[in-house]
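Residue numbers (our numbering): 6 to 435.
All residues carry an ideal CB built from backbone N, CA and C; glycine is no exception.
Have a look at the structure below, then the notes.
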């Protein structure tokens with residue numbers, strides 16, 4: 006049996022063991038006696054109901070709304086598998102719930118919707134607002150995902166976050182900030198070639214501009230070639246990145262590029278293309294499971310590369326688990342009304358700064374490495390570094406307060422101490 010066959014069987018057994026799936030509900034208050042049941046339910050449960058009726062914001066005081074996220078999909082863009090439908094998306098959504106809990110102690114329910122109608126999805130999710138403190142959209146195909154998130158952000162008074170867009174952008178943004186610094190260049194000056202024009206690619210390009218990149222220096226390809234001004238049948242998201250250029254294919258936009266961002270399909274970048282890039286090129290080949298070019302091939306072409314992928318078996322993995330659990334932790338803890346651009350930038354900058362501290366041998370061992378030292382092979386933190394919770398969640402909560410989207414104003418020093426205790430780490434100096 007091949008290694009892949011063994012892993013496939015292991016995965017199926019993992020998910021089918023009793024209890025089925027990966028998550029369950031636990032009761033958080035004692036309910037073993039008649040008196041306790043009378044508090045949990047009838048008659049005394051009426052008291053918090055009456056308090057919430059007088060002040061709806063009390064729902065955060067008396068229920069789990071403030072620590073509960075809905076992970077929602079319709080299964081139209083599951084991982085790299087495509088449209089497999091809502092039922093097939095459930096293992097992934099359950100997995101997201103596991104990651105929320107494992108990394109940030111956020112409770113999450115997975116919700117799979119049997120519809121591809123955009124208006125129906127928007128209305129259905131909008132009606133869930135009383136239950137949840139935040140909405141994590143997942144595996145919804147482009148361009149529908151853009152409208153769904155945009156409309157929900159207008160209609161709902163809780164954070165709505167499409168992780169396929171923003172998670173990849175925030176983590177790759179942190180890595181890009183550090184990579185650009187390491188090669189002694191400046192964000193406004195770098196030329197960026199992007200292959201892919203779906204939800205992640207569009208969001209990454211937008212976010213890099215928020216981090217200081219010049220939009221005029223970004224050239225993007227989709228499956229039909231370069232996105233240029235005057236090209237037919239561009240949706241409004243692609244039109245945003247249409248530029249005046251003679252470039253028509255991927256090889257054209259890689260010539261002289263400082264950065265390659267791959268969010269497309271495997272094995273589309275050749276060693277010859279890599280040789281045409283600028284000195285000290287930055288290559289983020291993030292297609293999964295097969296990157297646009299494998300690190301071995303890229304380094305065969307040249308050695309002056311900073312390389313990142315979406316895979317766990319290479320250094321510098323761009324892994325969304327470094328983002329969404331901690332971003333929602335910070336947003337929930339101040340009862341934020343949304344996750345705005347400033348909060349996303351704060352998250353990315355916090356990750357960038359934390360990577361510069363490196364990580365100890367116990368964290369390095371989880372990656373089969375002896376050490377994790379800031380440099381070309383360590384530009385984003387390890388998701389196993391417990392300090393991520395402190396640095397990122399604190400940064401997000403602080404940005405929410407400063408930009409006026411926090412319902413509650415917490416003492417940030419006290420909050421930092423609370424996060425340090427939750428993470429099991431000593432005092433952190435930002």
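- In this structure residue 102 is not in contact with residue 93, their Cβ atoms being roughly 16 Å apart against a cut-off of 8 Å.
- Comparing alpha-carbon positions, the option among 327, 295, 358 lying closest to residue 108 turns out to be 327.
- Under the DSSP definition of a beta bridge, residue 312 partners with 288.
- Taking 8 Å as the upper bound for CB-CB distance, residue 210 and residue 166 are not in contact here, some 18 Å apart.
- Just so you know, the alpha carbons of residue 95 and residue 45 end up roughly 30 Å apart.
- Apart from the 5 residues on each side of it in sequence, residue 97 sits with its Cβ closer than 8 Å to the Cβ of 78, 83, 84, 143, 144 in its chain, given in chain order.
- Relative to the Cα of residue 275, the nearest Cα in the group 306, 250, 283, 263 belongs to 306.
- Contact between the stretch 213-220 and the stretch 276-283 is absent, with fewer than three C-beta pairs closer than 8 Å.
- Inclusion of residue 303 and residue 405 in the CB contact set at 8 Å is not warranted, their separation being larger than that value.
- In this structure, the CA atom of residue 398 is about 13 Å from the CA atom of residue 418.
- The beta carbons of residue 395 and residue 425 sit about 6 Å from each other, so the pair counts as a contact at 8 Å.
- In the displayed model, residue 372 falls within coil according to three-state DSSP, outside both helix and strand.
- Residue ranges of uninterrupted beta strand (DSSP E) with 3 or more members, entirely inside the stretch 141-200 and ordered along the chain, are 165-167, 197-200.
- Excluding five sequence positions before and after residue 192, the CB atoms of its chain that fall closer than 7 Å to its own CB belong to 185, 216, 217, 218, given in chain order.
- Under the criterion of beta carbons closer than 8 Å, residue 183 and residue 357 qualify as touching, at roughly 5 Å.
- Under the three-state reduction of DSSP, residue 47 is assigned to coil, being neither helix nor strand.
- CA-to-CA, the gap between residue 6 and residue 17 works out to about 15 Å.
- The alpha carbon of residue 270 has as its nearest neighbour, out of 262, 255, 263, 286, the alpha carbon of 255.
- Between residue 73 and residue 80 the beta-carbon gap is near 22 Å, outside 8 Å, which marks them as no contact.
- In this structure, DSSP gives residue 225 an extended state, which the three-state scheme calls strand.
- Around the beta-carbon of residue 54, fewer than 16 other beta-carbon atoms lie within 10 Å, marking it exposed.
- Here residue 319 has 300 as same chain residues with Cβ atoms under 7 Å from its own Cβ, once five neighbours each way along the sequence are excluded.
- Counting only residues of its own chain and dropping the five nearest sequence neighbours on each side, residue 337 has a CB closer than 7 Å to the CB of 71, 72, 111, 138, 139.
- The Cβ atoms of residue 205 and residue 169 sit closer than 8 Å to each other.
- Under the three-state reduction of DSSP, residue 76 is assigned to strand.
- Taking C-beta separations shorter than 7 Å and ignoring five residues to either side along the sequence, the partners of residue 382 in its chain run 320, 321, following chain order.
- By the neighbour-count criterion, in which 16 or more other beta carbons inside 10 Å mark a residue as buried, residue 325 falls on the buried side.
- The C-beta separation of residue 173 from residue 323 comes to about 6 Å, placing the pair in contact by the 8 Å criterion.
- For residue 105, the closest of 333, 260, 157, 52 by C-alpha to C-alpha distance is 333.
- The three-state secondary structure of residue 262, taken from DSSP, is coil.
- Distance between residue 223 and residue 241, taken at the CA atoms: about 16 Å.
- In summary, residue 330 is buried, with 16 or more beta-carbon neighbours lying within 10 Å of its beta-carbon over all protein chains present.
- Cβ-Cβ distances below 7 Å link residue 312 to 288, 300, 303, 321 in the same chain, with the five nearest sequence neighbours on each side left out; the list follows chain order.
- With a cutoff of 8 Å on beta-carbon distance, residue 278 and residue 315 are scored as not near each other.
- Per DSSP, the unbroken alpha helix (DSSP H) holding residue 127 starts and ends at 123-131.
- The secondary-structure analysis by DSSP pairs residue 248 across a beta bridge with 233.
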